[in-house]
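Asker:
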Amino acid sequence: MAHSNISIFVPHAGCPYRCSFCDQNTISGENELPHGEDVRRICRQAMAEIKNLKDTEIAFFGGSFTAIDREYMTELLEAAHPFVGEGGFKGIRLSTRPDCIDEEILRLLKSYGVTAIELGAQSLDDKVLAANDRGHSAEDVFNSSRLIREWGFELGLQLMGGLYGSCEKIELDNMSKVLDIRPDTVRIYPVVILKRTRLAGLLGSGKYRPMPFEKVVKLCSKMLCEFEQAGIRVIKCGLHASEFVEQDMVGGYYHPAFRELCESELYRESISNALLAEGIPLYPGGNINVVCAVAKGCVSRAVGHKRSNADYFRQHGVNIKFIADDAVQKYQCVIRR
Ligand code: SF4
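Under my numbering, the first residue of the sequence shown carries the number 54, and numbering increases by one thereafter.
1. When you compare only the Cα positions, how much space is there between F366 and L225?
2. Which word fits V344, buried or exposed, when buried means at least 16 other C-beta atoms lie within 10 angstroms of its C-beta?
3. Of all the options D193, A99, Y384 and I170, which has the alpha carbon lying nearest to the alpha carbon of D179?
4. Check this for me: beta carbons of I341 and M302, under 8 Å apart or not?
5. Give, in chain order, every unbroken run of the beta strand (DSSP E) that is at least 3 residues long and sits entirely within the segment 288-339.
6. At which residues does the beta strand (DSSP E) containing C386 begin and terminate?
7. Select from W204, G357 and R249 the residue whose C-alpha is nearest the C-alpha of S323.
8. What are the start and end residues of each continuous alpha helix (DSSP H) run of 4 or more residues lying completely inside the segment 96-167, in chain order?
9. Might you give, ordered along the chain, the residues of its own chain that have their beta carbon closer than 6 Å to the beta carbon of D392, omitting 5 neighbours on each side?
10. Could you give the DSSP three-state label for Q175: helix, strand or coil?
11. Measuring CA to CA, which of Q385, L216, A120 and H293 is closest to V63?
12. Helix, strand or coil for R249 per DSSP?
13. Let's see if you can read the secondary structure: which residues bound the beta strand (DSSP E) around V381?
14. Could you give the C-beta distance for E110 and N185, rounded to a whole number, given that I count them as a contact under 8 Å?
15. Rounding to the nearest angstrom, what Cα-Cα distance links L208 and A101 in this structure?
16. Going by beta-carbon coordinates alone, are L252 and S73 separated by less than 8 Å?
17. Taking 8 Å as the threshold (C-beta atoms), are P263 and G215 in contact?
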């Protein structure tokens, strides 16, 4: 059964920082802070509508949950707690900053039925973190991750690719460091530059020259593939489609189907390598017909976003018929003539 979240946004609450990319109100689409009664109303409504409660979590996203005023944080947790456990939802998940975790807060979260903690790591490079006014270090990410694990919570890490001061090498190093930490889940959010943020100013002044879109798609595809192969669940790849983001973005890597682009890219590489291994040349004007077997459920990913892969190979002289085959691994393909 698919996992789902009842998302409750706590926009920018309690956060003493202003990261270079952050405009929480735009990202969440919310301006109002929820209170205990709102949480109870949302949970009651969700309980009446959702069938698989055991696969559903109440999720406090959008801010720095463990840094918000303690009384307010407790109000939200007290409201959510009775809906968790026997006959209720699976647990509570929340997102917070890596420097807002310690043993005392973890004990408190445990007592309210929190099960999963996601850290907004964004980068694991100290220079990039400083250049983007994050106010924490890579060491904070390592230490908090260890503590969260020791206390028996599910650990999630959020990465933001393509930040100011980053480059391909740093992104690949970030990927290796995340593989070392081995969180349960990862969210890959390539940066989206919003109006009213410092990044927008840096972009306008020419000081920030983001990597090309295609390069970031390639980097994110690599991360997606490596994380999944390491058994890390990639629960997001690309910011969710949002009219607020579309209205307010001035640059960066937003696409309403970003994950699909990454998966198409992985399949394009995989098909190219398989064709090469079979000695099948790619050249415009050619006319070779092949069958390409891919994992069950992956045919549309292999065909590509808006048929991009099927069209690409056809334009290079190879007409591909895609079929599903249980024996083929995800992101791989087997050529049959
Ligand atoms: S820590 Fe999170 S909420 Fe605070 S400014 Fe940075 S991104 Fe925004």
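C-beta: ideal position from N, C-alpha, C; glycine also. Predicted model, so just to flag it, every value in this text is computed and none were measured.
Answerer: Short version:
1. 28 Å
2. exposed
3. D193
4. no
5. 302-305
6. C386 to R389
7. G357
8. 123-133 and 156-164
9. The shown model of the chain, from 54 to 390, leaves out residue 392, and the question about it has no answer.
10. strand
11. A120
12. coil
13. Where V381 is concerned, there is no enclosing beta strand (DSSP E), given that its DSSP letter is neither H nor E.
14. Between N185 and E110 the Cβ distance is about 29 Å, and since that is not below 8 Å, they are no contact.
15. 29 Å
16. yes
17. yes
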